[in-house]
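**Q** Note that UniProt numbering has the sequence shown beginning at 1, numbered continuously upward.
Positions of the beta carbon are idealized from the N, C-alpha and C atoms, including for glycine.
Remember, it's a predicted structure, so these values are computed and weren't measured experimentally.
This is the structure I want to talk about, given as structure tokens.
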Amino acid sequence: MLSIMDGGGGGARSRRKARMLQFATLVFAVFLVFLGEFVVGQSSTYVRPPKAPAKSDAVEKHLQERKSLTASTDPDQMHISLAGPGQMKVTWVTSSAVPATVQYGTTSGHYTNIASGVTKQYSFVLYESDLIHDVILGPLNPSTTYFYKCGGFGAEFNFTTPPPSGPNVPIKFAVVGDLGQTDWTATTLEHLAGYDYDVLLFPGDLSYADTWQPLWDSFGQMMSPYANYRPWMVTEGNHEIEDVPLLVESFLSYNTRWEMPYNESGSTSNLYYSFEVAGVHILMLGSYADFDTNSAQFEWLQADLEKVDRTKTPWLIALLHAPWYNSNSAHQGEGDAMMEAMESTLYAAKVDIMFAGHVHAYERAERAYLKKPDPCGILYITIGDGGNREGLAGTWLDPQPVWSVFRESSFGHGELEIVNATHAYWSWNRNQDHIPVMADDVWITSLSAAQSGCTSKSTTGAIQSQNVDDSNWEL
Ligand SMILES: *[C@@H]1O[C@H](CO)[C@@H](O)[C@H](O)[C@H]1NC(C)=O
Ligand SMILES: *[C@@H]1O[C@H](CO)[C@@H](O)[C@H](O)[C@H]1NC(C)=O
Ligand SMILES: *[C@@H]1O[C@H](CO)[C@@H](O)[C@H](O)[C@H]1NC(C)=O
Ligand SMILES: [Fe+2]
Numbered sequence: 001m002l003s004i005m006d007g008g009g010g011g012a013r014s015r016r017k018a019r020m021l022q023f024a025t026l027v028f029a030v031f032l033v034f035l036g037e038f039v040v041g042q043s044s045t046y047v048r049p050p051k052a053p054a055k056s057d058a059v060e061k062h063l064q065e066r067k068s069l070t071a072s073t074d075p076d077q078m079h080i081s082l083a084g085p086g087q088m089k090v091t092w093v094t095s096s097a098v099p100a101t102v103q104y105g106t107t108s109g110h111y112t113n114i115a116s117g118v119t120k121q122y123s124f125v126l127y128e129s130d131l132i133h134d135v136i137l138g139p140l141n142p143s144t145t146y147f148y149k150c151g152g153f154g155a156e157f158n159f160t161t162p163p164p165s166g167p168n169v170p171i172k173f174a175v176v177g178d179l180g181q182t183d184w185t186a187t188t189l190e191h192l193a194g195y196d197y198d199v200l201l202f203p204g205d206l207s208y209a210d211t212w213q214p215l216w217d218s219f220g221q222m223m224s225p226y227a228n229y230r231p232w233m234v235t236e237g238n239h240e241i242e243d244v245p246l247l248v249e250s251f252l253s254y255n256t257r258w259e260m261p262y263n264e265s266g267s268t269s270n271l272y273y274s275f276e277v278a279g280v281h282i283l284m285l286g287s288y289a290d291f292d293t294n295s296a297q298f299e300w301l302q303a304d305l306e307k308v309d310r311t312k313t314p315w316l317i318a319l320l321h322a323p324w325y326n327s328n329s330a331h332q333g334e335g336d337a338m339m340e341a342m343e344s345t346l347y348a349a350k351v352d353i354m355f356a357g358h359v360h361a362y363e364r365a366e367r368a369y370l371k372k373p374d375p376c377g378i379l380y381i382t383i384g385d386g387g388n389r390e391g392l393a394g395t396w397l398d399p400q401p402v403w404s405v406f407r408e409s410s411f412g413h414g415e416l417e418i419v420n421a422t423h424a425y426w427s428w429n430r431n432q433d434h435i436p437v438m439a440d441d442v443w444i445t446s447l448s449a450a451q452s453g454c455t456s457k458s459t460t461g462a463i464q465s466q467n468v469d470d471s472n473w474e475l
């Protein structure tokens, strides 16, 4: 049950929580013992040295860090996310009641503004969450560092807003999926921190709590140092569903803790939404929301695509969890139904890149459509290799499909640098021991660019907004 309130009760739950967390750590350790060895994809020449299984140290370390917090009013489990234009949402958790307010300003220690928001709390069978605060700051200036303090307590934090809107504005995205909270995750996070990105894109499977709610708390703690100063934009994976029939509605924890700007983008569900930043329009689709051609998600998608103006946002990118182009034996065909419903619409809209997770490996496809290489199709990338406790997916289909360019079973992260209106540079960096090693890269030309040869007859070089009729999706 979810409740929203102005203030609320506080700290008496902490001892019960500590016991639940100890038990969670034990359960977690048992999971980790079963993790397997690494296997290398056929098209990669990298031979991974054998590695010991991950330990449960990461979870323990973050629980210790939490204990070292000085007060129950201090912000914990922080993350920030883009809200409407010129806005940033700050989310944090406290175990005692604090005002849902954020003081902020452009000079450290000097807060010229204060914004207020809401406090939420949810119950999950016997678990009762701490207080989850959501506050939207703005209007903010682009490319500006703001210093902020949550609820009037604890340390000062800061973030830098993304670059301004504009078709030629460079911007850097980090891309990571299926993160979990293992030692492998910790390595991926360290590597991500070394990349000076503006916005993180996350195609689902966050905490791997799998209904054990204290793992959402430890995940929030582990992400906090990385997500409290760079915006993280997420969409849901299957591990976020967590429905307990008759007791808990699905996505309760995910929707309460990771509320994305769905209302701001005209969606009625946190499971799919869109946002724009610099010269990029990003569709965050929901693999686990209805997607049929008569679904609310499909209706929203069509309306959202109509709003896309490629002269303002020459780049059109989509994210979802279950990949449509996947030549790993894991999760084969799981994205097919959604692909059948939506691929022609996204193809007609000239989506440049689609990122997926779910398969715990990295794979890059050529631009493709209907499972055939197509120079005006979507460039499909699977990046479900953030480092979760289930380990890597090491078995690939043989022969490698014609559309599959590069595939490898290693943990890692992606970096997408939008250079200008027409060019972007993508690289995938495997976690080779403790050094990120760039293992696959490609220059990408936007389908909205004249030189792609894929623009419509429109003389401006812009893609006209797509209004796909029914015949287009009956393949
Ligand atoms: C902003 O926060 C980051 C991460 O906590 C920190 O490393 C950095 O020094 C801070 N920047 C400023 C200008 O205080
Ligand atoms: C949702 O969006 C609409 C339209 O932008 C706005 O009027 C409304 O206040 C928003 N609701 C919330 C709860 O933010
Ligand atoms: C865009 O960037 C690419 C790659 O750096 C460069 O070759 C191209 O000339 C740039 N286009 C414009 C219009 O600046
Ligand atoms: Fe998944």
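1) Is M260 helix, strand or coil when you go by DSSP?
2) What do you reckon, is the C-beta of F153 under 7 Å from a heavy atom of ligand 1?
3) So, for V402: in the same chain, excluding its five sequence neighbours on each side, which residues have a beta-carbon less than 7 Å away from its beta-carbon?
4) Please go through the same chain and pick out, in chain order, the residues whose beta-carbon is closer than 6 Å to the beta-carbon of R430, but skip the five residues on each side of it.
5) In this structure, how does DSSP classify N270 when only helix, strand and coil are distinguished?
6) Distance, Cα to Cα, S108 vs P99?
7) Taking DSSP as the reference, what is the three-state secondary structure of D470?
8) Could you work out which residue in V405, T106, V125 is closest to Q213 when comparing CA atoms only?
9) If you measure from each residue's Cβ to the nearest non-hydrogen atom of ligand 5, which ones come out under 6 Å, in chain order?
10) Hey, is S143 close to ligand 1, as in C-beta under 7 Å from one of its heavy atoms?
11) Any idea if I435 is buried or exposed, counting beta-carbon neighbours within 10 angstroms, 16 or more meaning buried?
12) Rounded to whole angstroms, what's the CA-CA distance from Y362 to Y111? Just pull it up for me.
13) Let me make sure I understand the geometry here. Which of K307, M338, T313, F202 has the alpha-carbon closest to that of W258?
14) Decide if D243 is buried, meaning its Cβ has at least 16 other Cβ atoms within 10 Å, or exposed.
15) Which stretch, first to last residue, makes up the beta strand (DSSP E) that contains T382?
16) Roughly how many angstroms lie between the CA atoms of A393 and E306, to the nearest whole one?
17) Is the segment 85 to 99 in contact with the segment 171 to 181, if contact means three or more CB pairs nearer than 8 Å?
18) Between the beta-carbon of T311 and the beta-carbon of P162, is there less than 8 Å?
19) Taking the Cβ atom as the reference point for each residue, do D210 and H191 lie within a distance shorter than 8 Å?
20) With DSSP run on the structure shown, which of helix, strand or coil describes D336?
21) On a Cα-Cα basis, can you pick out the residue from I241, T235, E408 that is closest to A356?
22) Please confirm if the segment 259 to 272 is in contact with the segment 336 to 350, defined as three or more CB-CB distances below 8 Å between the two stretches.
23) Compare the C-alpha of residue 477 against each of A296, S329, S287, H331 and name the closest.
24) Pick out whichever of T119, H360, T145 has its Cα sitting closest to the Cα of residue 478.
25) Sort K371, T313, I241, I132 by Cα distance to residue 476 and report the nearest one.
26) Suppose contacts are defined by Cβ-Cβ distances below 8 Å. Is H360 in contact with P323 by that definition?
27) Taking D441 as part of the beta strand (DSSP E), name the residues at either end of that continuous run.
28) Mapping the DSSP letters down to three states, classify P373 as helix, strand or coil.
29) Short of 7 Å in beta carbon distance, which residues of its chain neighbour E249, apart from the five on each side in sequence? Order them along the chain.
30) Please give me, in chain order, every unbroken run of the beta strand (DSSP E) with length at least 3 that falls completely inside the UniProt domain "Purple acid phosphatase C-terminal" (378 to 434).
31) Any heavy atom of ligand 4 closer than 7 Å to the CB of N238?
32) Does the beta-carbon of P245 have 16 or more other beta-carbons within 10 angstroms, so that it is buried, or is it exposed?
33) Quick check on T25: does DSSP put it in helix, strand or coil?
34) I'd like to confirm the pairing. Which residues does DSSP put opposite W216 in its beta bridges?
35) Rounded to a whole number of angstroms, what is the C-alpha to C-alpha distance between A450 and L316?
36) What are the partner residues of Q103, as DSSP defines its beta bridges?
**A** Result, derived from the coordinates:
1) Within the sequence shown, numbered from 1, the residue matching residue 260 stands at position 260. Look at M260 here: in three-state DSSP terms it is coil, with no helix or strand label.
2) To locate residue 153, count along the sequence shown from 1; it is residue 153. F153 Cβ: outside cutoff for every heavy atom of ligand 1.
3) As a position in the sequence shown, residue 402 is number 402, starting the count at 1. Counting only residues of its own chain and dropping the five nearest sequence neighbours on each side, V402 has a CB closer than 7 Å to the CB of P373.
4) Position 430 of the sequence shown, counted from the start, is the residue given in the question as residue 430. Spatial neighbours of R430 in its own chain (CB-CB distance under 6 Å, excluding positions within 5 residues in sequence) are listed in chain order as S410, G412, V437, A439.
5) In the sequence shown, the residue the question calls residue 270 occupies position 270. Coil.
6) Counting from 1 along the sequence shown, the entry for residue 108 is found at position 108. Counting from 1 along the sequence shown, the entry for residue 99 is found at position 99. The straight-line gap from Cα to Cα measures roughly 21 Å.
7) As a working mapping, residue 470 is identified with position 470 in the sequence shown. Reliability fails at D470, whose pLDDT of 31 lies under 50, so the model's placement of it is uncertain and the value that follows must be treated cautiously. The answer is helix: DSSP assigns D470 an H, G or I state.
8) Start at 1 with the first residue of the sequence shown, and residue 213 comes out as number 213. Comparing Cα-Cα distances from Q213 to each of V405, T106, V125, the minimum goes to V125.
9) The model depicted lacks ligand 5 and carries ligand 1, ligand 2, ligand 3 and ligand 4 instead.
10) Here residue 143 is taken as the residue at index 143 of the sequence shown, counted from 1. S143: no, Cβ never under 7 Å from ligand 1.
11) As a first step, residue 435 must be located in the sequence shown, where it is residue number 435. That one is exposed.
12) Indexing the sequence shown from 1 puts residue 362 at position 362. Indexing the sequence shown from 1 puts residue 111 at position 111. Rounded to the nearest whole angstrom, the C-alpha separation of Y362 and Y111 is 43 Å.
13) In the sequence shown, residue 258 corresponds to position 258, counting from 1. Looking at K307, M338, T313, F202, the one whose alpha-carbon comes closest to that of W258 is F202.
14) Here the question's residue 243 lines up with position 243 in the sequence shown. D243 is exposed by the Cβ-count criterion.
15) Here residue 382 refers to the residue found at position 382 of the sequence shown. Here the beta strand (DSSP E) through T382 covers 378 to 383.
16) Translated into positions along the sequence shown, residue 393 becomes position 393. Translated into positions along the sequence shown, residue 306 becomes position 306. Rounded to the nearest angstrom, the two C-alpha atoms are 38 Å apart.
17) No: the two stretches stay apart, fewer than three of their Cβ pairs being nearer than 8 Å.
18) Within the sequence shown, numbered from 1, the residue matching residue 311 stands at position 311. Within the sequence shown, numbered from 1, the residue matching residue 162 stands at position 162. No, they are not a contact pair.
19) On the sequence shown, residue 210 is found 210 positions in, with the first residue counted as 1. On the sequence shown, residue 191 is found 191 positions in, with the first residue counted as 1. Pairing D210 with H191 gives a Cβ-Cβ distance that is not under 8 Å.
20) Along the sequence shown, read from residue 1 onward, the residue named residue 336 stands at position 336. Of the three classes helix, strand and coil, the one that applies to D336 here is helix, per DSSP.
21) Taking the sequence shown and counting its residues from 1, one reaches residue 356 at position 356. For the residues I241, T235, E408, the minimum Cα distance to A356 belongs to T235.
22) The answer is no - the segment 336 to 350 does not touch the segment 259 to 272, with fewer than three Cβ pairs under 8 Å.
23) With the chain covering 1 to 475 only, the question about residue 477 has no answer from this structure.
24) Outside the displayed span of the chain (1 to 475) sits residue 478, for which this structure offers no information.
25) Examination of residue 476 is not possible in this model, given that the chain is present from 1 through 475 alone.
26) Within the sequence shown, numbered from 1, the residue matching residue 360 stands at position 360. Within the sequence shown, numbered from 1, the residue matching residue 323 stands at position 323. No.
27) Residue 441 sits at position 441 when you count from the first residue of the sequence shown. Per DSSP, the continuous beta strand (DSSP E) segment holding D441 begins and ends at 435 to 445.
28) One-based indexing of the sequence shown puts residue 373 at position 373. Secondary structure of P373 (DSSP, three-state): strand.
29) The residue you call residue 249 lines up with position 249 of the sequence shown. Exclusion of the five residues before and after E249 leaves D243 as the residues of its chain whose Cβ lies within less than 7 Å of its Cβ.
30) DSSP runs (the beta strand (DSSP E)) wholly in the UniProt domain "Purple acid phosphatase C-terminal" (378 to 434): 378 to 383, 404 to 408, 412 to 418, 423 to 432.
31) One-based indexing of the sequence shown puts residue 238 at position 238. N238 Cβ: within cutoff of ligand 4.
32) Here the question's residue 245 lines up with position 245 in the sequence shown. Here P245 is exposed: its Cβ has fewer than 16 other Cβ atoms, across all protein chains shown, within 10 Å.
33) If you number the sequence shown from 1, residue 25 lands on position 25. Caution is warranted here: a pLDDT of 49 is assigned to T25, below 50, making its placement in the model unreliable, and no coordinate value can be reported.
34) One-based indexing of the sequence shown puts residue 216 at position 216. According to DSSP, which records beta bridges pairwise, W216 is partnered with nothing at all.
35) Within the sequence shown, the letter at position 450 stands for residue 450. Within the sequence shown, the letter at position 316 stands for residue 316. The alpha-carbon atoms of A450 and L316 are separated by roughly 15 Å.
36) Taking the first residue of the sequence shown as 1, we reach residue 103 at position 103. Paired residues: I114, K149.
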